[in-house]
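So for the sequence shown, the numbering used here puts the first residue at 303; every next one is plus one.
For each residue, glycine too, the CB sits at the ideal point set by N, CA and C.
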Amino acid sequence: MATKACFITGAASGIGLATAKRFAAEGYFVGLSDVDEDALAKAAAEFDPDTAVAIRLDVRNEAAWGLALARFGKASGGRLDVMVNNAGLARYGWFETQTSADWDLQIDVNLRGVIYGSYAALPLLKATKGSVLVNIASSAGLSGPPRLAVYGATKFAVRGLSEALDLEYAQYGVRVVCIMPGYIDTPLLDSTANAEGQVFRSAIEEAQSVPGSVEDVTKVIWESISSPHLHHGVGAHAQSQTQGLRPAVEAMRAYWKGVFAKT
Numbered sequence: 303m304a305t306k307a308c309f310i311t312g313a314a315s316g317i318g319l320a321t322a323k324r325f326a327a328e329g330y331f332v333g334l335s336d337v338d339e340d341a342l343a344k345a346a347a348e349f350d351p352d353t354a355v356a357i358r359l360d361v362r363n364e365a366a367w368g369l370a371l372a373r374f375g376k377a378s379g380g381r382l383d384v385m386v387n388n389a390g391l392a393r394y395g396w397f398e399t400q401t402s403a404d405w406d407l408q409i410d411v412n413l414r415g416v417i418y419g420s421y422a423a424l425p426l427l428k429a430t431k432g433s434v435l436v437n438i439a440s441s442a443g444l445s446g447p448p449r450l451a452v453y454g455a456t457k458f459a460v461r462g463l464s465e466a467l468d469l470e471y472a473q474y475g476v477r478v479v480c481i482m483p484g485y486i487d488t489p490l491l492d493s494t495a496n497a498e499g500q501v502f503r504s505a506i507e508e509a510q511s512v513p514g515s516v517e518d519v520t521k522v523i524w525e526s527i528s529s530p531h532l533h534h535g536v537g538a539h540a541q542s543q544t545q546g547l548r549p550a551v552e553a554m555r556a557y558w559k560g561v562f563a564k565t
């Protein structure tokens, strides 16, 4: 049995799969979860079955979270050193052309899924010394981008949730970090067609912007688990923004610590 364990949502592709591979390479027991059962099975086939487990999980389903983490805890020997809330999606297009179904889906996956995961993972995190909760937000949570209004709103919310939980969970010795990637070359860029049929990737190319790689993100995730910082940007623009954000956030953290001495 590996000495440490990591559970990752949205692990069938993109950032999630790359993160699972990185932690497996570092000697972790890895839990891969995804709503797409076929894609998850294909991804899981790339791992040693003795050091990984694949669990189908719809992050929108609160009850399913409890079952998934109970199964993972049994497989990992009760450890959860790193919990990665990665699952997310976007609906690209002008706000006025989108429907409530578009908004609800993004809110349910990107925000509600992270809330459920942060809550459901806490018992295992508390039971594992030095554990870390990693929430994947976005540079869209630093400055709201047009045509991604609700997506950006969910990522701002994940950022705020992470800031609050880092203070709350500190009493249990659990750290929280918030990863804020810029545009990353993943399937998400090709699955967000707007009403005119344009996908987000083509918009990025028109702006002559080069998306980063999933390896860029996994490198930052890996470094974040031993970093004293809460916010971590991926890409030059996001890194600059997060570094500029830190003084104000630290000032507010000091204030909240004074208000709530428990932290």
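Taking 9 Å as the cut-off, the beta carbon of Gly415 is found no closer than this to the beta carbon of Thr305.
Residue pairing by DSSP places Ile523 opposite no residue, since no beta bridge is assigned to it. The DSSP-derived three-state label of Arg414 is helix.
Under the three-state reduction of DSSP output, Leu532 falls in the coil class, being neither helix nor strand. Distance from the CA of Asn388 to the CA of Gly318, rounded to the nearest whole angstrom, comes to 6 Å. If you ignore the 5 residues before and after Asp360, its C-beta comes within less than 8 Å of the C-beta of Val337, Ala366, all in its own chain and listed in chain order.
No Cβ-Cβ contact shorter than 9 Å links Thr321 with Val476. Unbroken alpha helix (DSSP H) stretches of 4 residues or longer found wholly inside the segment 390 to 450: 402 to 408, 415 to 422, 424 to 428, given in chain order.
The alpha-carbon separation between Asp383 and Glu398 amounts to approximately 42 Å. DSSP places Pro351 in the coil class of the three-state scheme, outside both helix and strand.
The Cβ atoms of Leu342 and Ala356 lie closer than 9 Å to each other. If you compare the alpha carbons of Thr456, Ala314, Gly395, Arg373 with that of Asn437, the shortest gap goes to Thr456.
Nearest to Cys480 by alpha-carbon distance, out of Ser515, Gly454, Ile527, is Ile527.
Taking a C-beta distance under 9 Å as the contact criterion, Ala439 and Met482 qualify as a contact pair.
The Cβ atoms of Val452 and Asp404 sit closer than 9 Å to each other.
Nearest neighbour of Ala423 by Cα position, chosen from Arg548, Ser529, Tyr471, Pro448, turns out to be Tyr471. In this structure, the alpha-carbon of Thr401 lies about 20 Å from that of Ala459. In the three-state reduction of the DSSP assignment, Asp383 falls in the coil class, being assigned neither a helical nor a strand state. Here Ala327 is exposed. Its C-beta has fewer than 16 other C-beta atoms within 10 Å.
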